[in-house]
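Going letter by letter, the sequence shown gives residues 1 to 136 in this note's numbering.
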Amino acid sequence: MIVTEAGFAPDNHAGGFVPLEEWRGQGALDLPADCDPASLLGRLDGPGVIRIVFGSFTDGRGFTVARRLRMMGYAGQLRASGPLIADQFPMALRSGFNEVEISPAQAERQPWAQWRASLDRPAAYQERLRASCEAQ
């Protein structure tokens with residue numbers, strides 16, 4: 001199941017993802033959250049889709065990898081995969097991800113309404129504080 005700003009959708013990428021150590025410069029690429037994006041310098045025009053696989057709910061390195069890839073000029077599709085929850089969706093989008101891959105079971109536990117609601121909440125402590133001060 002894929003989550004985008006438009007809602008839930010089936011996975012439309014049937015070509016499969018290849019781990020970095022087996023990737024030959026073309027096709028969809030799988031990256032672990034602990035990889036060094038600099039290893040892709042000069043090859044960022046090859047993958048149409050890069051999936052960054054998070055190791056755990058508490059591992060935020062994938063957000064950094066996504067942001068660095070965007071800063072290095074990667075313009076293709078970025079997919080976050082692994083244990084991510086609706087509350088992390090805004091951070092994923094701010095980091096440069098286009099979509100999040102979740103299991104159908106997770107989609108049942110956290111329906112689209114929860115993912116959508118996460119986009120309406122202030123994203124950071126400073127934003128919540130600013131909104132609170134402006135309301136007074």
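Even for Gly, the Cβ is constructed at its ideal location relative to N, Cα and C.
Kindly indicate which three-state DSSP category residue i falls into: helix, strand or coil?
| i | result |
| --- | --- |
| L44 | coil |
| E143 | No information on residue 143 is available, as it lies outside the stretch 1 to 136 that the chain covers here. |
| Q88 | helix |
| A135 | helix |
| A14 | coil |
State the start and end residues of the unbroken alpha helix (DSSP H) segment that holds residue i.
| i | result |
| --- | --- |
| G7 | Unbroken run through G7 is the beta strand (DSSP E), 7-9; no alpha helix (DSSP H). |
| A117 | 112-120 |
| P104 | 104-109 |
Evaluate residue i with the Cβ neighbour count: other Cβ atoms within 10 Å of its Cβ, from every protein chain shown; 16 or more gives buried, anything less gives exposed.
| i | result |
| --- | --- |
| S56 | exposed |
| A113 | exposed |
| P19 | exposed |
Return the first residue and the last residue of the beta strand (DSSP E) that residue i is part of.
| i | result |
| --- | --- |
| T64 | No beta strand (DSSP E) holds T64; the alpha helix (DSSP H) holding it covers 61-71. |
| T4 | 2-4 |
Once you ignore the five residues that flank residue i on each side, which residues in its own chain have a CB closer than 7 Å to its CB?
| i | result |
| --- | --- |
| D59 | A33 |
Report all residues from its chain with a CB closer than 8 Å to the CB of residue i; omit the five preceding and five following residues, and keep chain order.
| i | result |
| --- | --- |
| S81 | R51, I52, V53, F54, V100, E101 |
Three or more C-beta pairs below 8 Å linking the stretch 48-67 and the stretch 84-104: yes
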